[in-house]
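To start, the structure under review is shown below, and the notes come after it.
There are 2 protein chains.
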Amino acid sequence: MSSVSAKKNISTQTIRRLPQYLRVFYDLHEYGRSLVSSTDLAAETHILPIVIKKDLQSIGAPTKLRSGFKVKGTIEAIEDFLGWDNLNKAFLIGAGHLGAALLGFSGFKNHGLEIVAAFDTNPERVGQEINGVAVYHTAQLKTIIKSKKLKIAVLTIPGAAAQGITDTLVECGVKAIWNFAPVKLSVPPSVAVQQEDIASGLAELCAKLKSKSS
Amino acid sequence: MSSVSAKKNISTQTIRRLPQYLRVFYDLHEYGRSLVSSTDLAAETHILPIVIKKDLQSIGAPTKLRSGFKVKGTIEAIEDFLGWDNLNKAFLIGAGHLGAALLGFSGFKNHGLEIVAAFDTNPERVGQEINGVAVYHTAQLKTIIKSKKLKIAVLTIPGAAAQGITDTLVECGVKAIWNFAPVKLSVPPSVAVQQEDIASGLAELCAKLKSKSS
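Residue numbers (my numbering), protein chains in the order written: chain A, 4 to 217; chain B, 4 to 217.
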C-alpha cells in the first residue's frame, strides 16, 4: 500500500481530512459495522459524498460494489498511508503553555505519535513531568536525541530561537519537524517540515464570517 | 472590495495562505518597498510564483504591469477581504494550557482579533488575569456576552462540554465560533464555525516524512 503515496500526488486538503475519516471509521469499527456508504460518511463529517469518495479512493481504500467502503480495510489503508500503523517516538522543545497543551493531548498515540521527552530552559520546568513526560534541560538535547534515537521534533518555542535549535536538530539527524514557532525554517531537502500557522485558521473563520454577513 | 468575496469562490487553501502573504507585505512596507514581484514573494514564502499570483489576483490585489504587486494596495486588499481592517472583539472559553497559549499570542491584534474576556470554571483560574485578559466564571457567560456585545467565541474546552456551551453561545447571538475542541459542532446556518484539528497538521507531516523516506 505504501506504493500509493509514491505513485500518486495526494493533495494537502485530502491528507488533512484523513484523520477525520479515521476517527469515524474507528467508531464504526467499534460498533461492529463492516461497510459504510459515502452518504453515511457525509452525514458524520459534513463533507460532500463526492469529496469523501475521491479522497478515500485516492489512498486505495477498499470498496465493495454498491455497498461503500470496507471499514477495517479503510482503517488499514489510512493508517498505512500516514505511517500511523507504527508508533513513532517524538520529542518536544518548549514546555510552555502550548507545549503543555500538546503534551496533554491524549489523541496522539492513535495518530502514530508518542512524545517521549520534552526540553526547556526554564528552571521551573526542567526536572518536572508534564502528563507523564519528563522535561529535560535543552543543554541535554544532543545527548538524549542520540541515545533515544529520536527522529521527530515538535517545536513550541519562540520564533527567535527556532532556526538555531533547528540547525542543532538537523545536525543530530532529526528527519521531521512539526513547527509551531511563527517562522519559516531553513532545512536540507531530506528533512520534512510541517509549519503550523494559527493565523490560517483565523483567516478561514473571518472569510466565513464575512460571507455569512454579506 | 468586499464584493470580491461575494462574487468569487476563493478556495480554502488560498484563504489559509493569505496571513503568510500579509506578514511579508507588512515587512516590505516597513522597509519602504512599494512594488514586489511574485518571484521575490516566492523566495520569501517558499510558495510557487504561479500560486502566489493566482491567490493575490483572486482577491483583487492591485498590480503594476511587469513590476508585480503594489505593496500598500495588496495589504489593503488582504485586510479588506478578511475583515482585518477592523478589530473584532472576541472572548475565549476554557483558560487551560491551550487557552492560555492563545491568550499569549500577540499576533492576533494584527489579524483583526482582540480577545477581551476569558471564561473558565476552575476556581484557581477565575478572577485571575492571563496576559492582561480577565478570567470570569462561565456562569457569567450570558451576562458578559450581552453587555459587551461579543459576537466571536474561541472554544478551548474539552469535547464533552463543547456542544452545550455552543447552544448557549448561539442563544446569545454569537456569530462565529473558532473551535479547538475535538468535536463537530451543530449550529444554525447563520453561524460560522472554524474547526481546528491538530491531527490534520500531524497527518501532513507524516505524509511528507513518508514521501521523503520512500
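Glycine included, each C-beta is placed from N, C-alpha and C at the ideal position.
Bridge partners - residue i, DSSP secondary structure assignment
i, result
"N89(A)", "Per DSSP, none; premise fails for N89(A)."
"T66(B)", "F72(B)"
"Q197(A)", "W181(A)"
"E117(A)", "K92(A)"
"D123(A)", "H140(A)"
"I133(B)", "V136(B)"
"I156(A)", "Correcting the residue identity first, residue 156(A) is Ala in this sequence and not Ile. Per DSSP, F94(A) and I180(A)."
"V39(A)", "F72(A)"
Inter-residue Cα distance where the pair is residue i and residue j
i, j, result
"I148(A)", "A104(B)", "26 angstroms"
"Q131(B)", "G107(B)", "14 angstroms"
"A165(A)", "V27(B)", "18 angstroms"
"L101(B)", "G102(A)", "9 angstroms"
"A163(B)", "L44(B)", "43 angstroms"
"N113(A)", "A206(B)", "12 angstroms"
"L116(B)", "E127(B)", "26 angstroms"
"L212(A)", "T42(A)", "27 angstroms"
"L31(A)", "K151(B)", "43 angstroms"
"T146(A)", "I13(A)", "37 angstroms"
"H140(B)", "G204(A)", "27 angstroms"
"V186(A)", "T48(B)", "10 angstroms"
"K10(A)", "Q16(A)", "Low per-residue confidence applies at K10(A): pLDDT is 45, beneath 50, and the placement is therefore not dependable, though the value from the model is reported in the following sentence. Cα to Cα, the separation comes out at about 18 angstroms."
"I55(B)", "G110(A)", "35 angstroms"
"Q60(A)", "Q60(B)", "33 angstroms"
"K75(A)", "E82(B)", "46 angstroms"
"F84(A)", "S216(B)", "13 angstroms"
"N125(B)", "S214(B)", "44 angstroms"
"A142(B)", "A142(A)", "45 angstroms"
"Y2(A)", "Y29(B)", "What the structure shows of chain A is the stretch from 4 to 217, and residue 2(A) is not part of that stretch, so it cannot be assessed."
Burial state of residue i, where buried means 16 or more other Cβ atoms lie within 10 Å
i, result
"I160(A)", "buried"
"N182(A)", "buried"
"Y34(A)", "exposed"
"I53(B)", "exposed"
"S5(A)", "Because S5(A) carries a pLDDT of 43, less than 50, the predicted location of this residue cannot be relied on, and no value is offered for it."
"T77(B)", "buried"
"G237(B)", "It is not possible to answer for residue 237(B), since the shown part of chain B is limited to 4 through 217."
"L68(B)", "exposed"
"G176(A)", "exposed"
"S8(A)", "Bear in mind that the predicted position of S8(A) carries a pLDDT of just 44, short of 50, making it too unreliable to give a figure here."
Proximity of residue i and residue j at Cβ, strictly below 7 angstroms
i, j, result
"A46(A)", "I62(A)", "no"
"P65(A)", "K73(A)", "yes"
"K92(B)", "V129(B)", "no"
"G71(A)", "S37(A)", "no"
"A98(A)", "I50(A)", "no"
"L208(B)", "A179(A)", "yes"
"A195(B)", "I18(A)", "no"
"V136(A)", "D123(A)", "no"
"A121(B)", "L144(B)", "no"
Check: residue i C-beta below 6 angstroms from any heavy atom of the ligand FAD
i, result
"I78(B)", "This structure simply doesn't include the ligand FAD, nor any ligand for that matter."
Three or more C-beta pairs below 8 angstroms linking the stretch 198-207 of chain B and the stretch 21-37 of chain A: yes
Report yes or no: do three or more beta-carbon pairs, one from the stretch 149-163 of chain A and one from the stretch 77-89 of chain A, lie closer than 8 angstroms? no
Could you tell me whether the stretch 190-197 of chain A touches the stretch 171-181 of chain A, where touching means 3 or more Cβ pairs closer than 8 angstroms? yes
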